[in-house]
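One structure is given here, and the rest of the page talks about it.
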Amino acid sequence: MREKLLKYNTLIIFLLLLVISSIVSPSFLTGENISNLLRQNAPIGLVSLGMLLVILTAGIDLSVGSVVAFAGVAFALLSYEVYFSAGFLLVLLSGIIIGALSGYLVAYQRIASFIATLALMTIVRGAGFLLSKGAPITVGNHSSAILYLGTGTILGIPVSAILLFAIFAIVYVILRYHVFGRHVIAVGSNEEAVRLSGISVERTKFMVYVLAGFLASLAGLLTVGRTGVGTPNIGVGLELDAIAAVVIGGASLAGGKGSVLNTLLGVLILGMIGNIMNLLDITIYMQQLIKGVIIILAVIFQKK
Amino acid sequence: MLQANEIKKFFGGVKALKGVDLHVEAGEIHGLLGENGAGKSTLMKVISGAHAADSGTMVFNGETIVHNNPHIARQRGISIIYQEFSLVPELSVTENIFLGQARGSWINRKQLDKEAAELISSIGFEINVSKKIRELSVANQQIVEIAKALSQKVKLLILDEPSAVLGTQEVKKLFTLLRKLKTEGVAVIYISHHLEELFELTDRITVLKDGSTVSTIATKDTNKDQLVSLMVGRELSQMYPDKTQSLGEFSGTIKIENLATVKKGESLSFELHEGEILGIGGLVGSGRTEVLESLFGLHGKAPSTIRINGKPLLIGSPRDAIRKGWGMVPEDRKKFGGLLNLSLRENISMANLSRSANRWGFIDGKKELEIVNDLMKRLQVKFGNINDPLLSLSGGNQQKVVLAKWLNLDLKVLLIDEPTRGVDVGARAEIYQIIQQLANQGVYILMVSSDMEELMGMSDRILVLKNGQLQGSIDRKDFNEETILRLAIGAN
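First to last, the protein sequences are chains A and B.
Just so we're aligned, residue 669 is where the first sequence starts under this note's numbering, counting upward by one.
Just so we're aligned, residue 413 is where the second sequence starts under this note's numbering, counting upward by one.
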């Protein structure tokens with residue numbers, strides 16, 4: 669019984685919060701609000717998924733918030749120059765390149781991930797400001813396409829939510845059934861033993877940062893798709909929310925332990941906390957305070 | 413000094429100790445013997461305060477004690493040196509020795525360094541005390557651990573397999589030290605799988621089996637066979653595999669030339685024969701492990717030439733080595749050999765995942781399970797569930813899992829460093845059998861061992877190293893403990 673409880677504790681926290689939210693606010697469990705909740709949390713969901721991969725290898729990626737902003741700005745600027753698809757792909761490519769840089773520094777130069785990605789966080793944030801000259805940029809020619817991604821629905825379900833679930837499903841399958849996923853978990857569990865098993869620790873680490881960069885740039889596209897504006901100062905502190913979501917999902921910062929499903933629940937738990945407090949008209953200052961307390965409680969509950 | 417009576421300890425439903433009696437006198441070296449899982453470690457944790465007993469009494473120095481705190485136990489004079497070291501790698505030797513001993517708020521480094529150096533030389537060793545622990549060899553770490561225990565007043569000293577990481581010389585020094593402590597009235601509990609050591613050192617021996625005391629005997633009144641049968645009900649002669657078969661059927665040779673060694677500028681050349689178990693002997697620090705590491709590509713592209721039947725082979729990384737069918741069982745199972753938190757299944761398929769994956773890299777769970785279960789059966793691993801973490805197995809079974817990982821390859825060469833470190837007697841015999849079988853199937857085997865009996869029992873030929881240099885090669889018919897030791901020390 670106790671073990672079962674431990675195994676599903678993130679789910680329990682999630683359900684508990686769901687019930688409480690439905691009781692305290694009648695407008696919580698409405699289709700509109702749930703759609704909104706999912707749409708709002710799709711970007712951070714993608715970022716958290718990338719963060720999970722990095723954390724599984726006992727690393728951390730602080731640059732993802734900056735990548736989200738950079739991607740938004742880059743897409744807005746590109747929308748005046750190239751086709752939608754070209755802009756879209758170029759932005760994703762930029763995320764991959766930034767991730768590859770982090771990955772190179774961490775895996776091959778053996779710089780501590782905290783330091784390497786801290787530097788990239790600053791660099792990429794700076795690059796975003798330089799490109800946009802510090803001002804928000806409205807998307808030019810392809811606003812309807814990108815807005816569809818951010819705000820559109822298919823059969824009443826937000827497109828961004830469908831994308832989120834699809835990518836979670838893919839990563840779930842990779843971690844569980846693919847050789848690469850097995851390597852990721854193994855590297856975080858015991859790097860030296862993995863090296864002795866003939867697995868390239870460097871390549872595995874490199875790849876998780878590439879994926880984190882890719883997912884962050886995709887999150888940036890969803891973000892710009894919600895407003896139609898690329899904002900260079902968006903996503904500040906997003907990396908910390910992502911870490912919080914992963915940790916609430918029961919992952920260990922020491923690596924080797926973490927789950928895709930629980931990370932999704934972690935994202936939704938954090939999202940619900942914000943959502944219900946908005947519905948209850950709690951001030952943003954108070955919200956931050958309460959959010960922090962809930963993170964602590966959730967993690968303590970994890971450890972029990 | 414210590415009378416522990418009817419000690420019981422349960423973990424959930426598992427009865428780790430079912431009523432153990434242990435009486436240790438002052439000025440006595442008391443051996444403790446038992447298979448892994450017999451309850452030795454649990455008993456020692458109860459005595460040293462890491463666990464509280466569920467029932468039973470403990471009288472220490474005439475005083476009934478109930479403790480569940482290692483710190484208080486230490487203040488009472490009970491010190492334990494665990495198999496897993498409790499040292500902080502990033503702190504210096506001095507800092508580690510005096511860690512947790514309050515001496516006012518300010519630290520006088522020079523004074524402490526001096527005290528630490530004196531302490532270590534007083535127990536007969538020489539270590540630079542300002543070095544960090546991680547810079548020391550495992551043997552020296554063990555010595556620091558002992559010095560730390562002795563930095564406080566000790567009445568009862570418990571050592572858990574101390575010789576496992578020490579070379580012959582260090583073990584001798586340790587024994588001298590323990591005998592000296594004995595004359596000072598200290599009681600010593602000495603846990604070891606090495607029967608020779610117990611005979612050399614101890615006054616009495618207590619044998620545990622399945623959480624109960626089987627017997628306590630005066631060392632002079634017993635012999636190896638009796639002890640082993642008390643532990644497992646097995647004769648010693650069954651321990652090592654039958655070596656009477658000749659090696660005639662094989663003809664392959666691996667020639668290794670100019671292998672880099674621990675000593676800069678020196679190199680090593682030797683030959684391995686198909687179907688042969690080649691042992692490497694020598695003291696700790698003689699470069700035995702480094703030979704295996706170099707061969708396995710752990711030091712990058714070494715300027716050595718390896719030729720299999722004349723065909724050159726280039727190994728620049730463990731990855732290369734594994735592709736060529738080489739496997740390595742490292743000395744430190746916890747750090748390098750296995751992934752303790754991962755499942756048995758994941759551990760075994762680790763080195764050759766592609767075998768159970770399709771060409772897109774997706775793992776076929778059924779196929780993987782088949783391969784893993786097959787290997788588990790072949791090696792007779794005792795386990796609960798294939799998805800349990802490696803951690804949940806005993807040392808012997810963990811080692812089998814590490815071996816099984818390599819049997820998942822088309823194994824050609826197996827490098828083994830200390831094959832039975834921390835492995836109980838029963839599982840040891842099984843591991844020896846497995847290694848011999850591999851050799852009989854034509855796998856080249858290179859085995860490093862600090863256990864002389866094991867080295868001579870298993871090897872067909874022994875190379876002896878000193879300072880990374882080859883001192884000699886001895887054929888099985890000429891095996892003799894003294895000869896090997898003389899070569900190892902360089903006393904020829």
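Glycine included, each C-beta is placed from N, C-alpha and C at the ideal position.
All values derive from a computational prediction rather than experimental measurement.
Own chain partners of residue i with C-beta closer than 7 Å, once the 5 adjacent residues on each side are dropped
i, result
"Val827 of chain A", "Tyr816, Leu817, Gly820, Thr821"
"Lys713 of chain B", "Gly728"
"Leu679 of chain A", "Leu933"
"Phe682 of chain A", "Leu933, Leu936, Ile937"
"Val862 of chain A", "Ala854, Val855, Val869"
"Leu760 of chain A", "Phe882, Ser885, Leu886"
"Val736 of chain A", "Pro711, Val715, Ala884, Ala887, Gly888, Thr891, Ile902, Gly903, Leu906"
Own chain residues within Cβ distance below 6 Å of residue i, not counting five before or after
i, result
"Thr506 of chain B", "Leu524, Asp525, Ala528, Val541"
"His442 of chain B", "Val436, Ile601, Arg616"
"Gln581 of chain B", "Leu695"
"Thr785 of chain A", "Asp729, Leu730, Ser731, Ser770"
Close-in-space but distant-in-sequence residues of the same chain around residue i (CB under 8 Å, 5 per side omitted)
i, result
"Asp786 of chain B", "none"
"Asn981 of chain A", "One cannot answer for residue 981 of chain A here, as it falls past the ends of chain A, which runs 669 to 972."
"Asn770 of chain B", "Asp776"
"Val750 of chain A", "Leu758"
Pairwise C-alpha distance: residue j and residue i
i, j, result
"Ser663 of chain B", "Ala428 of chain B", "50 Å"
"Ile896 of chain B", "Gly579 of chain B", "13 Å"
"Asn520 of chain B", "Leu503 of chain B", "15 Å"
"Thr673 of chain B", "Val784 of chain B", "36 Å"
"Asn858 of chain A", "Phe748 of chain B", "8 Å"
"Ser706 of chain B", "Leu671 of chain B", "7 Å"
"Gly794 of chain A", "Tyr776 of chain A", "25 Å"
"Leu721 of chain A", "Leu921 of chain A", "11 Å"
"Ser804 of chain B", "Ser747 of chain A", "57 Å"
"Gly917 of chain A", "Asp863 of chain B", "47 Å"
"Arg646 of chain B", "Val640 of chain B", "Residue placement at Arg646 of chain B is poorly supported in this model, since its pLDDT is 48, which falls under 50; the coordinates still yield a value, given next. Whole-angstrom Cα-Cα distance: 6 Å."
"Gly924 of chain A", "Leu445 of chain B", "36 Å"
"Ile360 of chain B", "Glu686 of chain B", "Outside the displayed range of chain B (413 to 904) lies residue 360 of chain B, so it cannot be described from this structure."
"Lys817 of chain B", "Leu850 of chain B", "14 Å"
Within chain A, partners of residue i - CB distance below 7 Å
i, result
"Ile857 of chain B", "Residues of chain A passing the Cβ test: none, with the nearest at roughly 17 Å."
"Gly750 of chain B", "Ala861"
"Ile545 of chain B", "Those within 7 Å of Ile545 of chain B in chain A number zero; the least Cβ separation is about 17 Å."
Interface flag, residue i vs chain A, CB-CB below 9 Å
i, result
"Ile629 of chain B", "no"
"Arg719 of chain B", "no"
"Pro742 of chain B", "yes"
"Glu758 of chain B", "yes"
"Ser766 of chain B", "yes"
"Ile775 of chain B", "yes"
"Leu613 of chain B", "no"
"Lys713 of chain B", "no"
"Ser816 of chain B", "Sequence check: residue 816 of chain B is Ala here, not Ser. Judged by the 9 Å Cβ criterion, Ala816 of chain B is not in contact with chain A."
"Phe708 of chain B", "yes"
"Arg700 of chain B", "no"
"Lys824 of chain B", "no"
"Lys747 of chain B", "yes"
Bridge partner(s) assigned by DSSP for residue i
i, result
"Tyr905 of chain B", "Nothing about residue 905 of chain B can be reported from this structure: the residues present for chain B run from 413 to 904 only."
"Leu444 of chain B", "B:Ile603, B:Thr618"
"Gly896 of chain A", "Beta-bridge pairing links Gly896 of chain A to no other residue."
"Thr476 of chain B", "B:Val471"
"Asp572 of chain B", "B:Ile603"
"Met740 of chain B", "B:Leu827"
"Leu875 of chain B", "B:Ile692, B:Ser885"
"Val967 of chain A", "None; Val967 of chain A has no bridge partner."
Within chain B, partners of residue i - CB distance below 7 Å
i, result
"Ser868 of chain A", "Arg731"
"Ser857 of chain A", "Leu751, Asn753, Leu754"
Closer than 8 Å at the beta carbon, the chain B residues around residue i
i, result
"Tyr845 of chain A", "Phe774, Ile775, Gly777"
"Ala726 of chain A", "Ordered by position in chain B, no residue passes the 8 Å Cβ test against Ala726 of chain A, which lies about 12 Å from the chain."
"Ala854 of chain A", "Leu751, Leu754, Glu758, Met762"
Minimum Cβ-Cβ distance from residue i to chain B less than 9 Å
i, result
"Ser927 of chain A", "no"
"Leu662 of chain A", "The displayed coordinates of chain A run from 669 to 972. Any statement about residue 662 of chain A would go beyond what the structure contains."
"Ile848 of chain A", "In the sequence as displayed, the identity of residue 848 of chain A is Phe instead of Ile. Chain B, which has a Cβ nearer than 9 Å to the Cβ of Phe848 of chain A, makes this yes."
Proximal chain B residues relative to residue i, where beta-carbon distance stays under 9 Å
i, result
"Gly924 of chain A", "Leu751, Asn753, Leu754"
9 Å Cβ cut-off: residues of chain A touching residue i
i, result
"Lys889 of chain B", "Those within 9 Å of Lys889 of chain B in chain A number zero; the least Cβ separation is about 35 Å."
"Val565 of chain B", "Note that residue 565 of chain B is Lys in the sequence shown, not Val. Near Lys565 of chain B there are no residues of chain A at all, since even the closest Cβ is about 37 Å away, more than 9 Å."
Chain A residues whose Cβ lies nearer than 8 Å to that of residue i
i, result
"Ile734 of chain B", "Ser865, Gly866"
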